[in-house]
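Under numbering that gives the first Met the number 0, the first residue of the sequence shown carries the number 0, and numbering increases by one thereafter.
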Amino acid sequence: MKRSIALILLTTMLLALTATAPRGASKEPVRARHGVAASVNEIASRVGVEVMQRGGNAIDAAVAVGLALAVTWPSAGNIGGGGFMMIRRADGATEIIDYRERAPLAASRDMYLDGKGDVVKNASTVGYKAVGVPGTVAGLALALSRHGKLKWADVIEPARALAAEGFTLNHQTARGIQGSKDLLSRFPESNRIFLRSGKPFEEGDRIVQPELAQTLARLKEKGPREFYEGETARLIVDDMKANGGLVTARDLKEYEPAIRVPLKGTYRGYEIVTMPPPSSGGAALIEMLNVLEHYDLSRMGWNSSAELHLLVETMRRAFADRAEFMGDADFVKVPVSGLISKKYADRLAQTIAPDHATPSESVRAGKPTGYESTETTHFTLIDDEGNVVSNTYTLNNSFGSGVTAQGTGVLLNNEMDDFTSKPGVPNGYGLLQGEANAIAPRKRPLSAMTPTIVLKDGKFLFAIGSPGGPTIINTVLQIIVNIIDFGMNIQQAIDSPRIHHQWMPDSVRWEPLGVNSDTRAALVKMGHTVSDKPGYIGDAHGVMVEPKTGIRLGASDPRLGGAAIGY
Ligand code: DON
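Below you can see the structure in the form of structure tokens.
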């Protein structure tokens with residue numbers, strides 16, 4: 000009797016211990032009474048916290064972080080790209096600012112094909128023709144005017160100061176620049192600014208960006224429309240004209256962000272609030288969660304071959320649907336409600352065998368009624384009142400098209416590669432895409448960015464998102480499963496190694512030390528193709544509210560050295 004009481008006591012103590020010092024986590028989540036900013040870059044997270052301490056709310060702070068990252072994380076932070084900002088106000092009202100780039104008016108379906116109908120190598124990824132009409136400035140300004148408390152000039156100032164006065168490059172930012180040396184060296188302005196004309200920056204160097212500082216100063220003084228109609232617009236358009244780009248003065252003038260209603264689903268009693276088209280992310284996420292709800296994952300054990308098998312089979316099916324059905328719903332009909340219905344998931348689950356892989360070749364869309372993550376970036380904030388922002392934005396690939404518009408310091412995206420250049424030909428992320436995502440003027444390319452919020456009993460629980468192209472959707476999926484099925488805290492859930500499968504190519508990607516050789520062998524035995532070498536997947540940053548105490552928990556991904564800062 001005594002022994003069993005002692006055992007119970009010991010178990011309780013151990014449980015309490017693991018709750019405070021979880022195994023497998025790089026550290027404890029950051030705990031804060033008032034607010035948290037979690038992003039890939041410490042300087043930018045600090046900007047966010049300072050804005051909140053000055054009386055700004057999470058939206059003011061998010062806009063300031065977005066602008067600061069354009070300076071301190073130039074591979075993905077941007078004002079020359081686009082993204083999605085999900086906002087949940089303290090009163091529960093939720094909306095998305097869609098500031099995704101749009102195809103220029105002169106864009107056309109086959110613009111990246113040669114005379115023989117073949118895709119011209121790099122045409123949609125490198126240089127002026129790859130650039131979509133940027134949405135970031137308009138999107139951030141719209142978020143601020145609808146939900147912020149501070150003035151535009153106040154939230155842009157930290158970014159301007161960082162560009163004008165410079166900042167010290169950390170290891171990750173310097174590595175990002177070095178990794179894109181070949182791309183940046185092809186364009187004189189990028190070469191001069193980011194490679195110091197052949198003397199690339201190193202960790203610990205100070206980088207000053209005077210042209211970008213001037214652009215931000217003009218935006219500060221004249222307001223966000225300056226980017227689209229003022230001197231900045233003129234400089235971008237002149238550079239486009241001189242180099243065969245398609246973006247015109249009219250494209251910039253007519254760019255408008257959109258306000259979208261989030262997609263909603265449920266998973267084991269939790270409410271999932273996520274990203275609708277033009278992202279494929281939210282629909283695919285809900286579709287996959289609906290399928291996984293059929294299985295007792297926690298009983299199988301985290302990262303067991305049984306669990307990984309089900310994850311892969313689910314991912315494979317959702318990505319086959321993505322390729323077939325998804326595109327900008329303002330232009331094509333996307334069967335979202337069918338894809339996210341529980342009934343459809345029942346049918347999909349029936350096609351999954353518990354003990355062997357279904358080759359992707361034999362998986363077609365259903366009938367519904369290496370290391371790459373310095374590209375794109377996600378940040379998440381919560382303030383004292385309980386307003387939450389979950390924002391993913393991007394230049395697409397690292398440093399986008401490689402082009403810095405002459406005289407502006409503004410790096411331009413290569414988001415056009417997210418369209419289907421040609422059905423059946425994989426894009427830069429190896430994704431096969433379909434007609435629904437064909438290029439058309441003003442259309443938004445299909446995205447995988449998936450800023451997401453999870454509620455329990457109608458109350459905010461956590462918010463998350465990640466870069467990583469198509470892997471974004473699976474990163475968000477696995478973080479949700481880690482928290483809900485495996486009881487991890489938000490830091491553990493982010494840190495835990497991930498896998499990725501996207502239907503085609505038919506191969507399971509995995510992270511270093513993530514899937515041991517026994518488990519890989521078991522997966523191969525079931526018929527899965529597992530990639531030879533591991534590589535890192537994603538870079539997620541999240542916030543959570545501890546239900547019992549209301550304490551804000553911040554967690555930033557250790558993969559790229561980000562920082563969650565609270566106050
Ligand atoms: O919108 C998309 O899905 C892509 N342009 C995102 C690119 C990305 O995440 C790159 N990061 N590794």
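Even for Gly, the Cβ is constructed at its ideal location relative to N, Cα and C. Just so you know, these numbers come straight off a predicted model, no measurement behind them.
- Membership of residue 292 in any alpha helix (DSSP H) is not indicated, and neither H nor E is assigned to it by DSSP.
- In the DSSP assignment, residue 518 forms no beta bridge with any residue.
- A direct Cα-to-Cα measurement between residue 509 and residue 516 gives close to 11 Å.
- The three-state secondary structure of residue 270, taken from DSSP, is strand.
- Ranked by how close their Cα comes to the Cα of residue 315, the residues 335, 351 and 296 have 351 in first place.
- Annotated three-state conformation of residue 562 is strand, per DSSP.
- The region 284 to 298 makes contact with the region 326 to 346, as at least three CB pairs between them are under 8 Å.
- Residues of the same chain with a CB within less than 8 Å of the CB of residue 158, apart from the 5 flanking positions on each side, are 46, 63, 66, 67, 69, 70 and 215 in chain order.
- Distance from the CA atom of residue 247 to the CA atom of residue 239, rounded to whole angstroms, is 8 Å.
- Straight-line spacing of the CA atoms in residue 312 and residue 305 works out to 11 Å.
- The criterion of a C-beta distance shorter than 8 Å is satisfied by residue 467 and residue 375.
- Fully enclosed beta strand (DSSP E) runs of no fewer than 3 residues occupy 81 to 87 and 93 to 97 of the region 58 to 103, in order along the chain.
- Around the beta carbon of residue 253, fewer than 16 other beta carbons lie within 10 angstroms, which makes this residue exposed.
- About 14 Å separates the beta carbon of residue 482 from that of residue 459, a gap too long to meet the 8 Å contact definition.
- Checking the DSSP bridge columns, you'll see residue 439 has no partner listed.
- Checking the DSSP bridge columns, you'll see residue 458 partnered with 455.
- Annotation for residue 395 indicates a beta carbon within 7 Å of some heavy atom of the ligand DON.
- Pairwise C-beta distances place the region 432 to 444 in contact with the region 98 to 116, as three or more of them are shorter than 8 Å.
- Residue burial is scored here from C-beta neighbours: residue 198 has fewer than 16 other C-beta atoms within 10 angstroms and is therefore classed as exposed.
- Out of 343, 78 and 402, the CA that lies nearest to the CA of residue 134 is found in 78.
- For residue 543, the secondary structure class from DSSP, reduced to helix, strand or coil, is strand.
- Under the three-pair Cβ rule at 8 Å, the region 394 to 405 counts as touching the region 188 to 205.
- In this structure, the beta-carbon distance from residue 387 to residue 87 falls below 8 Å.
- In this structure, the beta-carbon distance from residue 44 to residue 564 falls below 8 Å.
- As computed with DSSP, residue 263 is found in a beta bridge with 272.
- Beyond the five residues adjoining it in sequence on each side, residue 140 comes within less than 7 Å, by CB distance, of 151 and 223 in the same chain, given in chain order.
- Note that the region 522 to 530 does not touch the region 549 to 566; fewer than 3 beta-carbon pairs, one per stretch, sit closer than 8 Å.
- Comparing alpha carbon positions, the residue from 26, 213 and 451 closest to residue 264 is 451.
- Contact between residue 542 and residue 553 holds, with the beta-carbon distance rounding to 5 Å and staying under 8 Å.
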